[in-house]
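Read the structure below first, then the notes.
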Amino acid sequence: MMSFSGWRWRCVALFLWLAGGIVPAHAADFPMTVTDIAGRQVSIERSPQHIFLDDPRHLFALAALLPDPVSRLSGWRGSLAGFDRQAQAGFTARFPALKALPSLGHNNAGFSTESLLALSPDLVVTNLARYPEMRDSPMLGQLEALGIPVLFIDFQRHPLLDTVPSLALLGEVLDAKPRAGALTRDLDTAIDAVDHCLDNVTTRPSVLIDIAPGLKVDCCRSNFDTGLADLVARAGGDNIAAGLTPGSENVLNPEAILARDPDVIIATAAQWARGESIRAGFGVDVASTRQDMADIVAERPGWGVLSAVNGGRFHALWHGYHQGPFSAVALQAIAGWLHPQQCAALDPEATREALFRDYLPIAPDGTFQTTYPPATSDR
1 MMSFSGWRWR CVALFLWLAG GIVPAHAADF PMTVTDIAGR QVSIERSPQH IFLDDPRHLF
61 ALAALLPDPV SRLSGWRGSL AGFDRQAQAG FTARFPALKA LPSLGHNNAG FSTESLLALS
121 PDLVVTNLAR YPEMRDSPML GQLEALGIPV LFIDFQRHPL LDTVPSLALL GEVLDAKPRA
181 GALTRDLDTA IDAVDHCLDN VTTRPSVLID IAPGLKVDCC RSNFDTGLAD LVARAGGDNI
241 AAGLTPGSEN VLNPEAILAR DPDVIIATAA QWARGESIRA GFGVDVASTR QDMADIVAER
301 PGWGVLSAVN GGRFHALWHG YHQGPFSAVA LQAIAGWLHP QQCAALDPEA TREALFRDYL
361 PIAPDGTFQT TYPPATSDR
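Counting with the UniProt record's numbering, you get residues 1 to 379 for the letters of the sequence shown.
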């Protein structure tokens, strides 16, 4: 699914790396002013060499653009292990310096401005979801007053809208524009393939988005107008959460789900540090993922008779797909599940393999999407 231009850009990037790394910015490039995903004008005086990652999952994006992302980091909030232990192990094997990377707070808690300043960052990269909190706290103003730029990017809230601009923004700031250009072109090619297969689709199957089943609530957190909701809409699905009234933390009423009996169920899966959730991702075999799906069906009242569960349309999708530059892979998987005949030519696993092979330093060994077997099969 990779275009000729994508291959050409990769060859250019490889040549530059072999010659000694991404070409450094010319003196005229700095200082520069860029517009981040929050719409803020951000001035950057010099090429950042001591970056603080406020969201450790952004390491995937940096690793896709830089030959040694860890050498450019001053620290991070928590660690990637809090979200994905196997992914952090893979990155640590490739970049041993990650073991000693300073960590502030933890993934679900903040830290003081003073502790951040002790790491001497010259750029803070953070998640757009954190913008309201940081805007209303003293920290953002304090960092700006000290001349430490803060860059908001987004792969999570609106993955289709913001992934390519976020990667382009990082490419600009990190002197990795050729690499970012090649990656975004390949992502656009993967998304175009989905749009093409949906050209003549007129039906929109109903879809339940089930976020991390069992992690925080028994049933069922969902995405109403962000995250996977964007992907389901683009893939030609009817998100049932859009027509329901959310409870606290976007939790749907289990009875409403049973009454609606969605055509398709998509549950996000990962290896969280706590909770009885569905496992997926690096190092997870498909049998374990499907066993966890069977446990969810057995534990939830009424789920054993849902049409999607019995008809082979209950799917698990790696939660990390919409936490890094992977939304195009998730979109292909969802489109294939919603419209299996029209989108049969899509191959999300091949797309994922190509992205990791060409841009990331770790291998995607594990289970990243799978389907719960239909009732007629040997489960």
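Virtual Cβ for every residue (Gly too), placed ideally from N, Cα, C.
Checking 8 Å against the spacing of the C-beta atoms, do C197 and L331 come in under that value?
Position 197 of the sequence shown, counted from the first residue, corresponds to residue 197. Position 331 of the sequence shown, counted from the first residue, corresponds to residue 331. In this structure, L331 does not lie closer than 8 Å to C197 by Cβ.
Less than 8 Å separating the beta-carbons of Q49 and R72?
The residue you call residue 49 lines up with position 49 of the sequence shown. The residue you call residue 72 lines up with position 72 of the sequence shown. Yes, the Cβ-Cβ distance between Q49 and R72 is below 8 Å.
Quick one: give me the first and last residue of the beta strand (DSSP E) that S74 is part of.
Counted from its first residue, the sequence shown places residue 74 at position 74. Residues 73-77.
Return yes when the Cβ of D154 is within less than 8 Å of the Cβ of I334, no when it is not.
Counting from one through the sequence shown, the residue named residue 334 turns up at place 334. Counting from one through the sequence shown, the residue named residue 154 turns up at place 154. Result no, Cβ atoms of I334 and D154 do not sit closer than 8 Å.
Between G320, R234, V305, A145, which lies nearest to A280 when the distance is taken from Cα to Cα?
Residue mapping note: residue 280 aligns to position 280 of the sequence shown, counting from 1. Answer by Cα proximity: G320.
Excluding the 5 residues preceding and the 5 following P165 in the sequence, name in chain order all residues of the same chain whose CB lies nearer than 7 Å to its CB.
Taking the first residue of the sequence shown as 1, we reach residue 165 at position 165. Taken in chain order, the residues that qualify are I37.
Mind checking which residues open and close the alpha helix (DSSP H) that includes V329?
Reading the sequence shown from its first residue, position 329 is the one you call residue 329. Its alpha helix (DSSP H) spans residues 327-338.
Rounding to the nearest angstrom, what Cα-Cα distance links F52 and T35 in this structure?
Stepping through the sequence shown from its first residue, residue 52 is reached at position 52. Stepping through the sequence shown from its first residue, residue 35 is reached at position 35. Looking at the two C-alpha atoms, the distance is approximately 19 Å.
Cβ shell of A328 (< 6 Å), same chain only, five flanking positions each side left out
For the purposes of this step, residue 328 is identified with residue 328 of the sequence shown, where counting begins at 1. Closer than 6 Å at Cβ, skipping near neighbours: L187, A190, I191.
State yes or no: is the C-beta of L306 within less than 8 Å of the C-beta of D238?
Residue 306 sits at position 306 when you count from the first residue of the sequence shown. Residue 238 sits at position 238 when you count from the first residue of the sequence shown. Contact: no.
So the alpha helix (DSSP H) H196 belongs to, where does it begin and stop?
Reading the sequence shown from its first residue, position 196 is the one you call residue 196. Looking at the DSSP string, the run of the alpha helix (DSSP H) that includes H196 is 177-197.
Using alpha carbons as the reference points, say which of L62, R179, D54, L119 lies closest to N127.
For this step, residue 127 is matched to residue 127 along the sequence shown. Checking every option, the nearest Cα to that of N127 belongs to D54.
Which of helix, strand or coil does DSSP assign to F52?
Here residue 52 corresponds to residue number 52 of the sequence shown, with the count starting at 1. F52 falls in the strand class under three-state DSSP.
Using C-beta distances below 8 Å, list every residue in its chain close to I265, excluding the 5 sequence neighbours before and after it, in chain order.
Here the question's residue 265 lines up with position 265 in the sequence shown. For I265, where only same-chain residues beyond five positions count, the Cβ hits under 8 Å are V207, L208, D210, L306, A308, V309, R313, F314, H315.
Find the nearest neighbour of G82 within the set D230, G236, L104, judged by alpha-carbon distance.
Counted from its first residue, the sequence shown places residue 82 at position 82. Closest option to G82, Cα to Cα, is L104.
By the 10 Å Cβ neighbour count, where 16 or more other Cβ atoms means buried, how is Q369 classified, buried or exposed?
Walking along the sequence shown from the start, residue 369 turns up at place 369. Buried, since its Cβ has 16 or more Cβ neighbours within 10 Å.
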